[in-house]
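Asks:
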Amino acid sequence: MENKILKNEVIDIIRGSISEDMDGYGDITSKYLIPPNRNSFSYIICKEAGGAILSGLDVANFVLEEIDSSIKITRLKNDGDKLEYMDRICNISGSTLSILKAERICLNFIQHMSGIATLTGKFAKIAEPYKVKILDTRKTKPTL
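Per the working numbering, numbering through the sequence shown is continuous, rising by one, with the last residue being 383.
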């Protein structure tokens with residue numbers, strides 16, 4: 240139920256991101272060089288040298304569903320998990336063209352949201368001995 244609520248809240252942002260990324264033309268290089276029936280396997284890893292706190296995997300999953308519901312994502316980590324450098328986050332398999340179409344959008348959401356979660360985690364750790372809680376505010380970027 241929680242994921243359905245989240246998806247309803249972010250679906251317009253996801254659709255806007257897809258539209259912006261495709262810019263009317265789509266990925267013309269992939270379109271002309273990769274056969275439409277080709278399937279691939281890929282994965283997402285953590286490339287942050289000092290590690291990170293994962294966030295945005297649900298949103299990335301929604302992006303994949305929106306682009307091609309037949310893409311299969313296997314989660315190896317969950318939002319909120321602490322990641323180390325080169326930890327594998329998930330495996331993705333399906334249409335090569337669909338995976339390439341979704342790749343940058345998924346990574347943008349995961350990188351942005353994990354960056355916020357990681358920095359917030361650092362502040363929370365500093366505040367912990369003082370019994371202070373770090374809370375969110377309404378100061379947000381438009382649509383995010």
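We treat Cβ as the ideally placed atom computed from N, Cα and C, and that holds for glycine.
(1) Do Ile284 and Ile349 come within 8 Å of each other at the CB atom, strictly closer than that value?
(2) Would you say the segment 290-303 touches the segment 319-334, given that touching needs at least three Cβ pairs under 8 Å?
(3) Just list the alpha helix (DSSP H) runs in the segment 293-323, keeping only unbroken ones of 4 residues or longer that don't cross its boundaries, in chain order.
(4) What residues are listed by DSSP as bridge partners for Pro282?
(5) Quick check on the burial criterion: 16 or more other C-beta atoms within 10 angstroms. Buried or exposed for Leu245?
(6) Are at least three pairs of beta-carbons, each pair with one atom in the segment 270-284 and one in the segment 332-342, less than 8 Å apart?
(7) Put Ala363 into one of helix, strand or coil per three-state DSSP.
(8) Considering only the alpha carbon of each residue, which of Phe362, Lys370, Val249 lies closest to Asp297?
(9) Report the partner residues of Ala341 according to the DSSP bridge assignment.
(10) Does Ala291 come out as helix, strand or coil in the three-state DSSP assignment?
(11) Out of Lys370, Glu287, Val302, state which residue places its alpha-carbon closest to the alpha-carbon of Leu358.
(12) Quick one: what's got a C-beta closer than 7 Å to Thr313's C-beta in the same chain, skipping five residues either side?
(13) When you compare the CB positions of Ser256 and Ile344, do they come within less than 8 Å of one another, or not?
(14) Just to confirm, are Ala341 and Leu315 a CB contact at a threshold of 8 Å?
Replies: Once the coordinates are examined:
(1) no
(2) The segment 290-303 vs the segment 319-334: in contact.
(3) 296-306
(4) Going by the sequence as given, residue 282 is Tyr instead of Pro. Beta-bridge pairing links Tyr282 to Asn330.
(5) exposed
(6) yes
(7) helix
(8) Val249
(9) Ala341 pairs with nothing; no bridge assigned.
(10) If DSSP states are grouped into helix, strand and coil, Ala291 belongs with the strands.
(11) Nearest C-alpha to Leu358: Glu287.
(12) Cys329, Asn330
(13) yes
(14) no
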